[in-house]
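2 protein chains.
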Amino acid sequence: MESSLTISIQDYLKHIYELTEGGQNASTNALSERLNVKPASVTNMVQKLAAAQPALVEYQKHQGVTLTKEGRKAALEVIRHHRLLEAWLVKTLGYSWDEVHEEAERLEHVISEDFERRMAAAMGHPLRDPHGELIPTADLVMPLEDSTPLSALRPKQKAKIQCVKNADAELLRHLEDLGLLPGAQIVIVDYSSFDHNLTVKSGAKVSVLGLNITGKIFVDYPG
Amino acid sequence: MESSLTISIQDYLKHIYELTEGGQNASTNALSERLNVKPASVTNMVQKLAAAQPALVEYQKHQGVTLTKEGRKAALEVIRHHRLLEAWLVKTLGYSWDEVHEEAERLEHVISEDFERRMAAAMGHPLRDPHGELIPTADLVMPLEDSTPLSALRPKQKAKIQCVKNADAELLRHLEDLGLLPGAQIVIVDYSSFDHNLTVKSGAKVSVLGLNITGKIFVDYPG
DNA sequence: AATACAATTTAGATTAGACTAAATTTATCG
DNA sequence: CGATAAATTTAGTCTAATCTAAATTGTATT
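Protein chains in written order, with the working numbering: chain G, 1 to 223; chain F, 224 to 446.
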């Protein structure tokens with residue numbers, strides 16, 4: 001009985017959170033895509049959710065959904081579970097960063113708070129998961145990102161890859177082949193609007209555009 | 224999509240398996256108790272299950288349920304997950320043997336076969352879980368128990384505790400306090416039908432009857 | 001063999017979460 | 001500013017798993 005929220009409510013909260021990070025509302029259509037549920041079903045669910053849990057979720061017809069502060073915490077709980085699990089599975093069972101997401105996706109809903117604490121402690125309370133994503137703290141605060149999007153860098157700048165966001169397994173494997181994992185040192189070779197050419201420290205030259213990239217690569221502020 | 228069985232079907236199979244180990248059928252009432260579901264619901268579910276998965280489950284009105292060979296394998300899969308998870312959680316996250324059951328109960332339904340393999344490999348393919356229960360093999364065979372019920376021992380016999388079955392968390396804590404964990408050396412002090420008195424190696428004298436015992440303690444054949 | 005009790009099943013209702021099709025609202029753009 | 005497209009919601013249906021209450025079947029006992 002650790003949590004009275006059903007699995008799918010946790011999923012709704014998580015995806016509402018992710019869609020509202022930029023400050024906007026989460027539209028039923030956007031949620032529909034992410035959840036693989038038809039828009040009409042999302043409307044229905046979101047209406048019930050807002051009626052049943054007004055402390056978590058705010059909904060207005062045709063305006064989409066937002067989370068309350070408390071709702072955001074509930075979402076961060078799920079995200080913390082997910083990211084700790086990814087880190088844990090990579091560390092203790094040798095999962096690779098492209099395999100680990102799917103497994104964590106299922107486990108995140110069923111682990112106890114005790115499990116969460118034990119994992120965190122066993123890893124020394126890590127700040128980031130294997131993709132470099134920030135892990136919400138135990139008191140459910142999302143730390144501030146202290147790095148910069150790739151597109152903010154100028155040619156010749158040196159940087160270290162910090163985080164690879166929203167990439168699917170195939171892209172992750174590709175990036176790994178190229179050595180573009182979190183921690184990799186890179187130098188910006190050429191740069192124009194969306195044509196990011198960069199060289200990893202080893203000297204290999206890669207076109208990020210050539211990877212048909214959909215996610216974003218974040219890097220440390222260069223020193 | 225690893226498995227097309229829903230969670231509750233897995234639970235039905237697992238409990239049918241456990242109830243039919245002695246060769247009998249599993250009655251709807253017995254299942255009802257274990258699953259915390261009303262008998263009428265069990266009948267209903269079991270009828271649907273047998274209709275939908277005749278390769279797994281056999282059902283006859285008023286005669287209860289049995290598993291086919293294939294059904295038994297499906298059940299052993301869940302039991303293997305459970306026992307590997309218990310071993311894994313105890314080993315890597317420091318869970319105690321009385322805490323670990325509940326967590327494994329939830330996780331057993333959502334881990335992948337890959338997860339199962341990785342755990343098994345990481346622990347060197349253990350034969351028993353923390354309670355001493357045998358872990359079904361990777362090809363889903365339940366190994367033969369090579370130890371003996373406590374009640375088969377005679378006074379003065381020495382033995383080593385191998386397995387503590389079906390005990391709840393409270394009893395497990397009590398047994399732990401007394402040093403009666405798997406691996407403990409014991410000597411049978413007195414014995415009469417159900418009044419098992421035994422002495423642990425350390426010298427403490429314990430009445431197993433006094434513990435109001437509900438599970439069974441299995442021990443190695445004494446040498 | 002008759003009766004009574006327990007176990008099991010049937011029948012019908014309920015709930016949650018999804019779906020489709022149709023209606024409505026909002027946005028866009030000549 | 002009105003027409004059309006896109007997004008959203010409404011209304012009604014479906015399925016799975018449960019429930020309760022009532023009916024039935026099986027079992028034991030005298």
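By construction, the Cβ of each residue, glycine as well, lies at the ideal position given by its N, Cα and C atoms.
Establish whether the CB of S335 (chain F) and some CB of chain G are separated by less than 8 Å. yes
For A74 (chain G) and chain F, any beta-carbon pair shorter than 8 Å? No, because no Cβ of chain F sits closer than 8 Å to the Cβ of A74 (chain G).
To be precise: take each residue of the segment 298-323 of chain F, compare its Cβ to all Cβ atoms of chain G, and keep it if any distance is under 7 Å. Which residues remain? T315, L316, G317
How long is the line joining the alpha carbons of F417 (chain F) and P372 (chain F), rounded to whole angstroms? Residue placement at F417 (chain F) is flagged as unreliable, the pLDDT there being 40, under the threshold of 50; the coordinate-derived value follows with that caveat. One C-alpha to the other measures close to 12 Å.
Do L67 (chain G) and L13 (chain G) have their CB atoms nearer than 8 Å? Taking C-beta atoms as the reference points, L67 (chain G) and L13 (chain G) count as a pair closer than 8 Å.
Thinking C-beta only, is W320 (chain F) closer than 8 Å to P353 (chain F)? yes
Taking M45 (chain G) and W88 (chain G) to be in contact with their CB atoms under 8 Å, please state how far apart those CB atoms are, rounded to whole angstroms. Actually they do not touch by this definition, with Cβ atoms about 30 Å apart.
CA nearest to the CA of Q385 (chain F), picked from F:H397, F:G406, F:D400: F:G406
Buried versus exposed call for G199 (chain F) [16 or more other C-beta atoms within 10 Å across all chains shown]: No statement about residue 199 (chain F) is possible, as the shown extent of chain F runs from 224 to 446 and does not include it.
L404 (chain F) to L398 (chain F) span [Cα, whole Å]: 7 Å
Quick check on this structure: which residue in F:E300, F:I440, F:F338 has the alpha carbon closest to the alpha carbon of E103 (chain G)? F:F338
If you draw a straight line from the alpha carbon of K296 (chain F) to that of D139 (chain G), how long is it in whole angstroms? Each residue's alpha carbon lies about 43 Å from the other.
From which residue to which residue does the alpha helix (DSSP H) around Y318 (chain F) run? Segment: none, Y318 (chain F) is in no alpha helix (DSSP H) and carries neither H nor E.
What residue from F:Q283, F:D234, F:S370, F:A274 has the CA that sits closest to S250 (chain F)'s CA? Distances from the CA of S250 (chain F) to each of F:Q283, F:D234, F:S370, F:A274 were compared; the closest alpha carbon is that of F:Q283.
Using CA atoms only, rank isn't needed, just tell me which of G:L153, G:I9, G:A75, G:K158 is closest to V37 (chain G). G:I9
Could you give the C-beta distance for E293 (chain F) and A278 (chain F), rounded to a whole number, given that I count them as a contact under 8 Å? 5 Å
Taking its Cβ as the centre, do 16 or more other Cβ atoms sit within 10 Å of P378 (chain F), making it buried, or is it exposed? exposed
Can you name the residues of chain G whose CB is closer than 7 Å to the CB of E326 (chain F)? What E326 (chain F) touches in chain G: S112, F115.
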